[in-house]
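The sequence shown lines up with residues 924 to 1455 when you count with this note's numbering.
Idealized CB from N, CA, C, for every residue including glycine.
One structure is given here, and the rest of the page talks about it.
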Amino acid sequence: MLFTAVTFIAFTALVAVIAWWRTRDDDLSTQDGYFLAGRSLTGPVIAGSLMLTNLSTEQLIGQTGQSFSTNMGPIAWEVTSAAALVILALVFLPRYLKMGLTTVPEFLENRYDSTTKRIVSIMFLLGYLLTYLPTVLYSGALVFNQIFEVDKRMGVSQMQGVIITAVAIGIVGACYAIFGGLKAVAVSDTINGIGLIIGGFMIPIFGLLLLGNDHFLVGLRDLISVVPAEKFNAINPANAMAPMIPWPVLFTGMVVNNMFYWCTNQAIIQRTLGAKNLCEAQRGAIFAGFLKCCGPFFITICGLLAYRFFGDGLANSDLAYPSLITTVVPNWLLGIIAAVLFGAILSSFNSALNSCVTLYTLDFHRPLFNQTASDSHLVSVGKRVGTGLAIVSICVAPFVSNAPSGLYDFLQECFGFYSMPILAIVLVGFYTKRVPACAPKITLVVHVILYSISKFLPLNVHYLYVLSVLFPVDLALMLLIGKFKPRATDFILEDSKAVDLTPWKYVKPAALTCFILMLCVYALFSPIGLAR
């Protein structure tokens, strides 16, 4: 255990030193320098940061737990994200970068009004603060409590050990986001991204080697022959309930849910808004799409491996991933794997925290409390606010243990309160000129009421079906309001000249290749592939 702890600390410190070295000369006293990395990010850095911002222990644990208890259906969260990233590259990024945005709500202010911007900013802040950040901390703490046996070594209960670990993770993550700005976050993400891809693949590889007595193919045959064929199927019945993914939602609710996450979610979009030009932003988004197609082979498959090793012997499906790690990873490598996972946790936590700080300082503090605030003052305020937000999220984290349907479904269902209206508001803002400022406000209120009602009615349908219905309702409501009460003047999307808008010349063939790869992965985990 001592060697594991030493290698863990050494690798984590190495990433921190590299991130500091790469950003030591950066000017973090300006708005663009701190919040958008000086608009200097390149495609590979954006792709790595997108991947690590998205990929953390809430996915590693949540999706592994889902596939452990159901089948390969959770690959939908990974593979179908490639389609959303293609849409991000082709539809959203040219418009975002043309306007020179710092935040997504900033576009809503330009298109509608400042009240709409602040309402959406509040929704993002509450969503990050009360659900996303605590879920990342809690899921990460589960892993590290299992690996380092914090509760046993300190003589406390498992929950107390998880709380102690969550506090430690929150403090380290906050330091990255608060004192390093987006550039430090993005650089550390890229390094940890490489480690996570390598380390992530090593876990199923070690598992298969263990099953096959050091023979990979023997272990693979063992997994395929012993685990029931239906566990390899990613195509679930239309009436399946969470945590299973019904096949019709892959073309409806899952599509729009992923579009919200990858195309309008501030924590994700902020990476692409920091691109040096449109070409690099599109390269980063498409490359991230290719990486998402790899997810089933080092995330979801781990649930089936855990099922092969433990059967029904785990009390909680969310323990499948940490239990698999401690079972298959050799002791000499456990510290490095733990450090890579720690990097994934930090990435999601500090990226979301950085986005929260950006939203508050630029959308609330400057316009409402200090309109003449200098950039250096905003950065100082942002650091203080980030500290407070980190403390709140650490306090909320233990309550995530009460999520009834597992970590990942809890997070996605919480997003449903604001995801669809925000996506509808942005799309209507892009493609119409006369929808007035009252439309998004009415739509947001109506959506929250309808989605809340769906939680109390005995509908007995998957929540993604509910989103499939509510999204077109949100769109139709906004368009109807625009028809009967249009704004007085046309909205014009003006070019801010912030970056070069020349598109990547290979964006369309790369997007098509990414889409084909997505279909191939689904064919593999279907009745025409491994689920025969």
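Contact between residue 1369 and residue 1358 is ruled out by a C-beta separation of about 15 Å, above the 8 Å threshold.
Between residue 1226 and residue 927 the beta-carbon gap is near 24 Å, outside 8 Å, which marks them as no contact.
Sixteen is the threshold: since fewer than 16 other Cβ atoms of the shown chains lie within 10 Å of the Cβ of residue 1413, the residue is exposed.
Counting only runs of at least 4 residues, the stretch 1383 to 1428 fully encloses the following alpha helix (DSSP H) elements, listed from N- to C-terminal order: 1386 to 1407. Contact annotation, residue 1241 with residue 984: C-beta distance approximately 5 Å; criterion of less than 8 Å satisfied. In the three-state DSSP reduction, residue 1363 falls in the helix class (H, G or I).
Straight across, the Cα-Cα distance linking residue 932 with residue 1142 is about 32 Å.
Per DSSP, the beta-bridge partners of residue 1169 are 1159.
In the three-state reduction of the DSSP assignment, residue 1198 falls in the strand class.
Inter-residue distance for residue 1355 and residue 1019 is about 16 Å (C-alpha atoms, whole angstroms). Counting the other Cβ atoms within 10 Å of the Cβ of residue 1441 gives 16 or more, which makes it buried. When Cβ pairs closer than 8 Å are counted between the two stretches, the stretch 1205 to 1216 is seen not to touch the stretch 1020 to 1033, the count staying below three. The DSSP-derived three-state label of residue 964 is strand. Short of 7 Å from the beta carbon of residue 1252, and not among the five residues preceding or following it, lie these beta carbons of its own chain, in chain order: 1126, 1129, 1260. Remark: fewer than three beta-carbon pairs, one from each stretch, lie closer than 8 Å, so the stretch 1397 to 1410 and the stretch 1180 to 1194 are not flagged as touching. By the 16-neighbour rule on beta-carbons within 10 angstroms, residue 1336 is buried. Around the CB of residue 1138, fewer than 16 other CB atoms lie within 10 Å, so the residue is classed as exposed. In its chain, beyond the 5 residues on either side, 1068, 1073, 1074, 1077 have a beta carbon closer than 7 Å to the beta carbon of residue 1084.
Exclusion of the five residues before and after residue 1175 leaves 1391 as the residues of its chain whose Cβ lies within less than 6 Å of its Cβ.
Straight-line spacing of the CA atoms in residue 1313 and residue 1179 works out to 30 Å. In the DSSP assignment, residue 1019 falls within the alpha helix (DSSP H) that extends over 1016 to 1022.
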